[in-house]
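Quick notes on the structure that follows.
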Amino acid sequence: MTRLYPRRCWLLLLAGLAGPLSAHATHHLGGHISYTALGNNQYRVRVEEYFDPASPASAARNVELVCKKNDCTSTAAGSLVAQLYLQPAAAVPPTCGGTAPYQFLVGEVTVTLPAAQWTLSVDNTNRQSGIANVAQSEMRSMYLQTVLDNTGGQANSSPRFAELELPIVPLNAAHRYSFAAYDADGDSLRYSLAAARWSLVTTPTGGTTVYPCPLDMQYLGYPAGTATDAASGQTGSYPAGQFSATFPLPSFRVSNGAATPWAALNPATGLLQLAPAQPGRYAVVVRVDEYRRLNGTAVLLGSTWREVTYFAQASPNLNPTLTATSNNAPVDFDQALTVSPGQVLSLTFAATDPDAGQAVRLSSNVASQLPGATFQPNLVTPTAQLSWTVPGTAAGGQYAFTVRATDNACPLNGSDTRTVLLRVSGRRPNATTGGRAARLLSAFPTPFTQQVTFQLLEPKAQPVLITDGLGRLVARLHSAADGRVSWQPQALPAGLYFARTPDGQQTVRLVKAE
């Protein structure tokens, strides 16, 4: 028998008796899986998901992380299944209506993965109902996966996505959303649009659950209609067409009375530009491939899929526009800025809004991406100053962070998100040069509610700085003589925090739950 359909049929029966479709326990809105190399073939795997808070199902739950060895099915020899616990962490919804449109869930587990090609997956049996671009979303699971190839014995940590909010966007206005990721190993990243996936997990009577290879979701067609360019006011018609992985929602550019399909993903930066013409919820998936040069050849070491739900809603609001300057010269967001170890990088960001009377605030995740970076918004004008002293031991390679400008329109905020790419010049620090790259350490538990503990690399007492997601200092701690640190924040809200050593070489990501 299958594990999916008996439970779904029961849910559908209950919904038919009790009321509308929204009563179904269909609640997953997206997510992704990442991993950090700990040494000796051990990896700390992190699952991040988005959950519909209106669902009657519980967000916090145990999930199965399936580690498939040299195949896409769990029946392959050497495969394993690990349990982890997902629970809500703070997510800042970009709306002002008072009700959060989603919850952000986090869970971690450590697994041992000997040299092989590994597919790490989570199968959520309740995809959100009513997704407008795929068929029978309420009858399909949401399949998340990441791939690790450590056959050569090399350690590798997956990319970490910079933007964690889901896109909630107004109709007919060009909108930018960043899938940019930071790679701690300095590997090269390439981005592409991919198909949403599902799988049919089966549990034979008295047997072992089988986690099969995933299947692509079936994409729906869309009817003919009209699109309006919010900036120019031009209106154009478009014929009926077909959604696909590379055209996941009705997005058009209007010129001379005609609307042409438009979905632009920058393969180097992960910036996705769309202009939704019809309201609805749409599944969008981006794949990130990770390459490392080994013996003069670019080798694919891993791939990560990130699925998000686009919320497209009617709104008269226009999005703000974000720009940046460096030494009074404009910054081209499509090109990486080259910096060197020891250099001080200073960037000034400014936002404008075409809607009169609206306040615009600037925010950034740079504190989580660049150890020691500061981001100081101006409380009077929509500007901000970023400063980062590139560590002398920074690994050569590409780094990325995002900056967001958000207005205060209600009920739907307008926003503009830009990705800043940095290329650190110089060779990767190694044993022969005497340097080492900054290390991202793990904390327990993640997320935490009252107390969190982590272990520094050196068994000695040393200062530890705690900052919030905006880079503001919130606490000063000292590690014990064995390098152990415990933190019990009393009056701080739920959210994302970072613990760092003063030299920026050791960073710990801390997630405080409600």
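Read left to right, the sequence shown gives residues -25 to -1, 1 to 489 (mature numbering (1 follows the signal peptide of the UniProt record, and there is no 0)). For each residue, glycine too, the CB sits at the ideal point set by N, CA and C.
Whole-Å CB distance - residue i paired with residue j, under 8 Å assumed
i	j	result
Y77	Y25	5 Å
G367	P329	Contact flag wrong, Cβ pair sits at about 44 Å.
T392	Y197	Not confirmed; about 26 Å, so no contact.
T381	S390	5 Å
L88	Y18	6 Å
V2	D27	Reading off the sequence, residue 2 comes out as His, not Val. With 8 Å as the limit, H2 and D27 qualify as a contact, their Cβ atoms being about 4 Å apart.
T428	V460	7 Å
T258	S226	Note on identity: in this sequence residue 258 is Ala, with Thr being the wrong assignment. Actually they do not touch by this definition, with Cβ atoms about 14 Å apart.
G5	T284	5 Å
Spatial neighbours of residue i in its chain, beta-carbon cut-off 6 Å, leaving aside the 5 residues before and after
i	result
T203	N147 and T210
V122	T94, G277 and S278
A233	G211
E39	V56
Q288	P254 and L387
V395	F376
A64	F79, V81, P422, V486 and A488
First through last residue of the alpha helix (DSSP H) which encompasses residue i
i	result
S174	Run containing S174: none; DSSP gives neither H nor E here.
A342	V341 to Q344
Cα-Cα separation between residue i and residue j, rounded to whole angstroms
i	j	result
L80	A34	8 Å
S290	P145	5 Å
L361	A418	27 Å
N131	Y374	16 Å
T407	V399	For T407, the pLDDT reaches just 34, beneath the cut-off of 50, and the residue's location in the model is therefore unreliable, leaving the point undetermined.
K487	G208	45 Å
Q92	V86	14 Å
H(-2)	A359	Unreliable positioning characterises H(-2) in this predicted model, as indicated by a pLDDT of 42, which lies under 50. A coordinate reading is not provided.
R402	K435	Interpretation of R402 is limited by its pLDDT of 47, a score under 50 that renders its predicted location unreliable; the figure taken from the coordinates is listed afterwards. Using only the alpha carbons, I get a separation of about 29 Å.
L485	S96	24 Å
L(-13)	S116	Here the model assigns L(-13) a pLDDT of 31, short of 50, so the residue's position is not dependable, and the following value carries that caveat. Between L(-13) and S116, the C-alpha separation is close to 18 Å.
R475	R447	12 Å
N383	L141	17 Å
S49	P187	6 Å
E433	A450	21 Å
Q248	T235	14 Å
P69	V335	Annotation note: pLDDT 49 at P69 (below 50); position unreliable, no value reported.
Run of the beta strand (DSSP E) containing residue i, from where it starts to where it stops
i	result
S390	S390 to V399
Y472	G470 to R475
S202	Note that residue 202 is Ala in the sequence shown, not Ser. Start and end: G200 to T203.
E23	Q17 to F26
R459	R459 to W462
C42	R36 to K44
V314	L312 to V314
N99	Q92 to N99
P63	L55 to A64
Cut-off 7 Å between Cβ atoms - residues of its own chain near residue i, not counting five sequence neighbours on either side
i	result
R172	Y118, P189, L190, D191 and M192
W363	L320, L345, G347 and A348
A205	N147, A148 and L293
S(-4)	Because the pLDDT at S(-4) is just 36, under 50, the model does not fix this residue reliably, and the value given afterwards should be weighed accordingly. Within the same chain, S(-4) has close Cβ partners A29.
Close-in-space but distant-in-sequence residues of the same chain around residue i (CB under 8 Å, 5 per side omitted)
i	result
Y266	D162, S163, L164, R165, A273, V274, L275 and L276
N340	A137, E138, L139, F376, T377 and G444
Q129	R267, L269 and L276
N37	Q58, L59, Y60 and L61
Every unbroken beta strand (DSSP E) within the region 208 to 272, with a cutoff of 3 residues, ordered by chain: 210 to 213, 227 to 230, 233 to 236, 246 to 249 and 255 to 269
Every unbroken beta strand (DSSP E) inside the region 325 to 375 [3 residues or more]: 335 to 339, 349 to 352 and 358 to 364
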